[in-house]
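Working notes, beginning with the structure itself.
Quick look at the structure:
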């Protein structure tokens, strides 16, 4: 009985895109001459008399106007919003004064509410009105995806982005999200999006996708009721025996599928955010824990929950060391010797680079043998010791460590895809989610910057 | 594939009520000796290290503790929350100072965000955590229903209530609500709630309810995804020919049902809020317009949308006039004479009261004839002229007028139920929703306090 | 995406009832003068050229014509169908001859198919066409409900009924039925039907129904895809500890509800056929076994599956014995003495009748004490020894025994409702479904007419 | 609330395939030595005591045994069923005698029922028991797909197949089928089957499929409740302006999609049976009419319903004429001259063959110009005049003509795919479904063998 309501009164942003007329329009690149008209329409949305319904109808018109602009016009639109519809200083000051001079609690509380209202920029008050519009939430998420790159060097746009992120964070509160398992029975229109959104290990074809939805695989996603057809984030899981150490083996379409009832380990091998406009609104944390919880209740044989993750910052960090001339300090004498020997006697830093630059180096046994001890040790050191502020430098490491996972194992030649070699030098890491240790680990990491790691990994870094 | 997630990690408030143990508990009436334990647990929720998941688990424990208290204990709990977890003055002052002393825009914006955060009471920060819990939103709605009566004479509780109302208003934003039509095919568990929640014209039995869901009737409700089994507000509609003027006729279970395709008029004869804890969070406005919109698209023959509404403030206002001795001024000479004549020559004010106090007076032709001109005129005057501040005194009138409806007609002996006689002296009003006039009417009413009314009603008031 | 198809081409029987015109019609009581028109329309359905679609459209018209007739007209309609559209003897003879004279296997097989076709009466060929019509299957089920009482004394109608029963039995094959659990979440429109259809222990109100759907109760029904809104048969189950011996206690709305996880016994206390027109098409057998299977998988604590059933034939049989003067032989000397003593020294047979005729006799301790040994023993004897042909005389006993259940226990004062006293003298029986014995018991009963019974019941009968 | 019932009692064929043990098994190729065991198990199914439940459990075991056999074993299994479990002559004779000697109507009717029962082969009585088993209906459909090729030269298997087809035809009666529209929102698992089952114009990729589900396309399928995941037959429709004359243009993935609201014509360009085991059970007829009906109600602008169909028998017929030396009579003098001229002066029949054998001939303007008049005329003549018995020789033509469609237009170079050239010499036909003429056309074709055709097509054939 759920009604599809395309409110005639409100107008639907969606239909609008197919050409519904409105009484005004802007030139595609929003020239100076049109900006007054725009300001006037924004003011109409914010201040106009008329019920909330009309206000939203005006917001919808504004949304359609935005969508009809070209990139230049859109940037100008956002600039006007960011620069001219921020907090009004006088209102803030008036509220602060009112609070100071309040003679009783009631007055003070009222002034505080007034102050809070004054601190909410009109731009955000405007954008909130999109919540009630068909497709309005998706509109804002996509608008933020366009705002993000523009905001990098621009304080006003950055402030607008901060506010918008906070607004979206409140709408996309974990309490509103629904976890769903996605199978080969899911709508093709949804599966098609997964293929497009997968960010870690590219899904190469529908057949590849089907393989990832096989009986010994699981794929879970979070959804929001205002964007029911759009996954927000999704995680892919392999149900196996023992902790997996190689992602190509895991994704091999020709491998036979196992019986999920026999598996003792769940490997989270890919987590992808699907909405660029929700950057900084985090739910990956909840996703892994909920999925682990759901799996453990449905497949009681599962005892171990672990990721198989890349180390995307490793190579960039390593190159920086080598560039900085600190290369030599990275190796032991015998490592330096080995590297030089198999690389035409180049100095070890250069030798390392030369070896890694050779296509298919991992299939060259001699090279791989020389590289393995060096890269494994440096990988462990990078993960345990290199920081961004007080926290782990590698963003994937930071994500799992702040979730309370433990750095369990580093795997050699675990991802030999082009991407895996370029970013992680082929290394992959198992972060272990031990449900009974998660809180303690999280606390140690966020409170005291202590990283939970298996002793084997610590030893590796010390060698 | 939507998963029923009763997160073991989080714990489910619902299951909890069936006896899940926690490591601490409070005596039912929360004596002084237990309040320190409570404070400690609240602090644990607010400040404790550990991920958001643990924070929510602690919130769930607090929720279970609240539910285990008796009314005395609950009031004490709320008092502690309201009085000890409000805005911290020093934090506000620090942020104001930071803002004053900021040397650039970035600093100022940061200080403003800090200030906004400081203005959010910790009590509300705590209650927000319930959003993610199973049944957590319903818990807060019900908690507010208990808070409301306590808050009447208590500034701290009142402030807490204000904050909570605002929190719920943001969660129950119209954009999140789904409109559904409810039919006799709906789950009995849902229909049972309608019987319990109907506030205007009591549903006397399942048979009465079935009659109100007949082919020429409609019932629509708003739902929220976090409380999918609970209607928030619902409206009942009769599809008829011409504007109905009598609610008993409308609800007559023995009357034959008409063909909805033949109807030209939709009569909204009852709107009931179903959640006491959502008082002050308004969606009735949207409900009527959406339903009118939905109906007009599905039944193109419908041309007129009108309510059949009570005048619940009329009798109370009238009695006040009579008490205040202003009674005599209410009547014309001939009315005064008529009233006295049929009421044993009592003075007209007393006569009016005596006549209205007689059980079944509306069936006494002489009495009804004498009362009709008086009550119709006074009803019109009450609706058009009596104000609460600048706005209509009668709350039903205010609701529809602020929605943009027009006061179209006053109907004599239109509701002769006990309630209808006691509150409205049997009068009922048709408020007309003319979609093309709604915005204009709304603006005139909220901007200039002008009430849109049919000229016949105006004449009636002037007589 | 399932489409609601009310085929314009075919016409919908349902809409038809609301007045769709057709080019011909019959007087309500189908006078002689109209029967030729009817024959002509039937012939058009059976023999007419045109695709199957037109044939069905004609069948729909015929259906509407039937529904427009009054009872007299309908009986005449059925008589024409039964008497004039039976098997055509000449066609049968021709096929038999063709079979006799066939010279090879191919010819013989063809003749056999021809013979089988000739043996299918045209009346049934006509009625089959209703299968494809909206509401057509329900139409046939209801038509048979009207046919059944008429067929009792009429060989032609009886033969038509036999054929129709066989047709419906093939359509309602157990393989097409879906078992569903019905809860308080089910549509009110469906629950309303359960109230109407309950045949064993009347459902007195919606509250009574809700009590029967409580957490420690279960209600299951079979549905057919062609009549998705109509339950075919339903069974009510109580989840309790130990085998229940009193149905009033079981249905007590004020009793607290138990935890289904704690129950060790499922009591089937009511089985009702919902469709009179499906009499003789049996699925009760499957229903109990499927429900037992479903319950035992979902609630592993359940160890015992038993009915609590009436003995509806007991009093009628007993009265017959007393009428027939065989009364004296029914009692032992001391029983006879006891009965006479407390019934004013009437002879024991008469005493028994007098005692049972007294309203509320079961609350009279002396009477009840005298009656108990007599009625318990006679009840046991009735169930074990009195036969209809070779099988149990009591139809409820026959149903459960042929399902393979065991007569486990007879309970005294187990149903003191008016109906329970009038039919069963207050006795109720537990038939035990022991899944490991069902096949053996069934075989013994249907093959050798041996009744499986607990030794206590056998002893009771022997006393 | 629909329960997934994998009855433990019955056993599920599906689970069984994953290894459930049974107490007996057959060697894969069913050697002579095992056939007695098989007979014994079949007899157990047919004659054994025990309830219907046990009978079905035994049938399930038999089904599992069949599925475990290899092709040789399966053929032997079917031979035993066909040859040893046919109609028992003595039972038929006994029933015929009983019917002859019946002294009254009741006796005669009883004998007729007995005769009908005797005419139902035990093999079919056995196979009916699969109806109630999980996956049982799909099992029988697939079994028949294996039986069909074996039955071609074998009278006993042919007879078994006839019976099985009749059984399936009664189960798959149109009244049980549900029409569904399939969109890009459908489960990938279902769409994957469409790709596999499409028989007319191969679906080359998921992208091709998505294009066929675009906003100006429709795809409808029939489903049966016992095989809910399996389409039975599906039709693909293009919504266009004017009757389409070229299938490559219609399927061009790069063409822009039109607005379905603007279309005036629905082109049925592909109908595929999805279940080989349902050959001879026809529902294509209903499918087209229901879809036309559904479309015309949802898109009132649609005025024309037409197919774009191949002429799959044309080239084979043409080759036969040329082989038979009748080639010369096929051409007019000037045609003969033209053909010879551009084909190195070969005689016209040989010239025709040579030209058609040249790859890409249709792109050779001179060849195409010479071939067009000849092939268009011969195509028209083939469709209108060449018969199989009294009916159209081309099976696609026969299908649409017996549905009541009209041969509207023959299109030149309308399908230049390899298949289209090989079977139809590139011709395609529009069969027009004019709902007001369908019955009349159907009658003329099936009654009098008259083909409804546009006059232009008739003229073409006469030229």
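Chains as they are written, first to last, in our numbering: chain A, 4 to 466; chain B, 4 to 466; chain C, 4 to 466; chain D, 4 to 466. Heads up, the beta-carbon is just placed ideally off N, CA and C, and yes, glycines get one too. As the structure is a computational prediction, the values presented were derived from the model and not from experiment.
Between residue 177 of chain D and residue 224 of chain D, the alpha-carbon positions lie close to 13 Å from each other. Residues are counted here when their Cβ sits less than 9 Å from a Cβ of chain D; for the segment 155-178 of chain C these are 158, 159, 161, 162, 165, 166, 169, 173, 174, 176, 177, 178, given in chain order.
Listed in chain order, the positions of the segment 187-213 of chain A with a beta carbon within less than 7 Å of a beta carbon of chain D are 187, 188, 189, 190, 191, 192, 194, 209. Judged by beta-carbon spacing, residue 31 of chain C lies within the 8 Å limit of residue 71 of chain C, meaning their Cβ atoms are closer than that value. Among the residues facing chain B, residue 228 of chain A is included, as its CB has a counterpart in that chain under 8 Å away. Note that the C-beta distance between residue 117 of chain C and residue 105 of chain C is not below 8 Å.
Interface residue (Cβ-Cβ distance to chain C less than 8 Å): residue 115 of chain D is classified as such. For residue 274 of chain C, the enclosing beta strand (DSSP E) has its first and last residue at 268-276.
Nearest Cα to residue 434 of chain B within the set B/418, B/414, B/449: B/414. Under the Cβ distance rule, residue 465 of chain B does not count among the residues neighbouring chain A, no pair being separated by less than 8 Å. Boundaries cannot be given for residue 452 of chain D, as no alpha helix (DSSP H) includes it and DSSP labels it neither H nor E.
Residue 108 of chain B has a beta carbon lying within less than 8 Å of a beta carbon in chain A. Rounded to the nearest whole angstrom, the C-alpha separation of residue 394 of chain B and residue 409 of chain B is 14 Å.
Residue 234 of chain A is a Cβ neighbour of residue 277 of chain A, given a cutoff of 8 Å. The closest CA to that of residue 252 of chain A, considering only A/382, A/141, A/270, A/111, is found on A/270. Residue 289 of chain A: member of the alpha helix (DSSP H) spanning 287-301, first to last residue. Taking each of B/289, B/182, B/258, B/192 in turn and checking the Cα distance to residue 211 of chain B, the smallest one comes out for B/258. CA-to-CA, the gap between residue 385 of chain D and residue 378 of chain D works out to about 10 Å. According to DSSP, residue 224 of chain C shares a beta bridge with C/183, C/237. When rounded, the separation of the alpha-carbon atoms in residue 66 of chain D and residue 95 of chain C is 36 Å. Contact check for residue 325 of chain B against residue 352 of chain B passes: the beta carbons are separated by less than 8 Å. In this structure, B/430 is the residue among B/407, B/127, B/411, B/430 with its C-alpha nearest to the C-alpha of residue 418 of chain B. Using beta-carbon distances, residue 90 of chain D counts as an interface residue toward chain C, with a partner under 8 Å.
For residue 410 of chain D, the enclosing beta strand (DSSP E) covers residues 409-414. Taking CB atoms only, residue 134 of chain B has a neighbour in chain A less than 8 Å away. At least one CB of chain A lies nearer than 8 Å to the CB of residue 112 of chain B. Between residue 260 of chain C and the set C/297, C/219, C/254, C/349, the nearest pair of CA atoms involves C/219. Contacts with chain C at 8 Å (Cβ-Cβ) do not include residue 316 of chain D.
Separation of the CB atoms of residue 222 of chain C and residue 185 of chain C is rounded to 5 Å, and the pair is thereby assigned contact status at 8 Å.
In the DSSP assignment, residue 200 of chain D falls within the unbroken alpha helix (DSSP H) covering 191-200.
In the three-state scheme derived from DSSP, where H, G and I count as helix and E and B as strand, residue 391 of chain C is classed as strand. Of the candidates D/34, D/421, D/182, the residue whose Cα lies closest to the Cα of residue 290 of chain D is D/182. Residues of chain A with a Cβ closer than 8 Å to the Cβ of residue 118 of chain B are, in chain order, 118, 122.
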